[in-house]
Amino acid sequence: MPLLQAVSDKRCISCERWHGRRKPASEADAVEVESNATRGLCIHGPWHRSIRGVRNACGHWLRWSALSGTAQPRGAEARRLFLPCLPDSAIKSGLFIHQHGS
């Protein structure tokens, strides 16, 4: 059963920096993911290159650009944020994991 998470909760699932399988929900200001067990890679956040769960959070949350009503970053910020998602095999291999703060 899919999991819906409100954008207002500011969790990884609705963050621009989180690269995992998800989609905007049919209801406003929510994100849908297959399950609570879904994981994704944090890119350019304090947990950079760490695998994070959909309900994890940090103080550097940025609203996911795929959601309607999102202001698009420009210049260097845009280049840093809009990286292609890594395939599940790369995430599961553990090649991109590092410990927070190292």
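Under this note's numbering, residues 23 to 124 are what the sequence shown spells out, in order.
Where a beta carbon is used, it is the ideal one built from N, C-alpha and C, also for glycine.
Other residues of its chain near residue i: CB distance less than 6 Å, five sequence neighbours each side excluded
i   : result
K45 : E54
H82 : G67, P68
E38 : L84, W86, S87, L103
L26 : A47, A52, E54
For residue i, the first and last residue of its enclosing beta strand (DSSP E)
i   : result
C64 : 61-64
V76 : Careful: V76 lies outside any beta strand (DSSP E) and carries neither H nor E.
V53 : 52-55
A47 : Here A47 belongs to no beta strand (DSSP E), and DSSP marks it neither H nor E.
A88 : No beta strand (DSSP E) holds A88; DSSP gives it neither H nor E.
Cβ shell of residue i (< 8 Å), same chain only, five flanking positions each side left out
i   : result
P24 : E54, V55, E56, S57
Backbone secondary structure at residue i - three-state DSSP
i    : result
C37  : strand
L103 : Caution is warranted here: a pLDDT of 43 is assigned to L103, below 50, making its placement in the model unreliable, and no coordinate value can be reported.
C-alpha distance - residue i paired with residue j, whole-angstrom precision
i   : j   : result
P33 : S90 : The sequence shown places Arg at residue 33, not Pro. The straight-line gap from Cα to Cα measures roughly 17 Å.
N78 : S48 : 22 Å
T60 : S72 : 14 Å
Same chain, Cβ closer than 7 Å to residue i, neighbours up to 5 away in sequence not counted
i   : result
V29 : S36, D51, A52, V53, R85, L89
C80 : G67, P68, W69
Below-8 Å beta-carbon distance, residue i vs any chain D residue
i   : result
C64 : Judged by its chain identifiers, the structure shown contains no chain D, having just a single protein chain.
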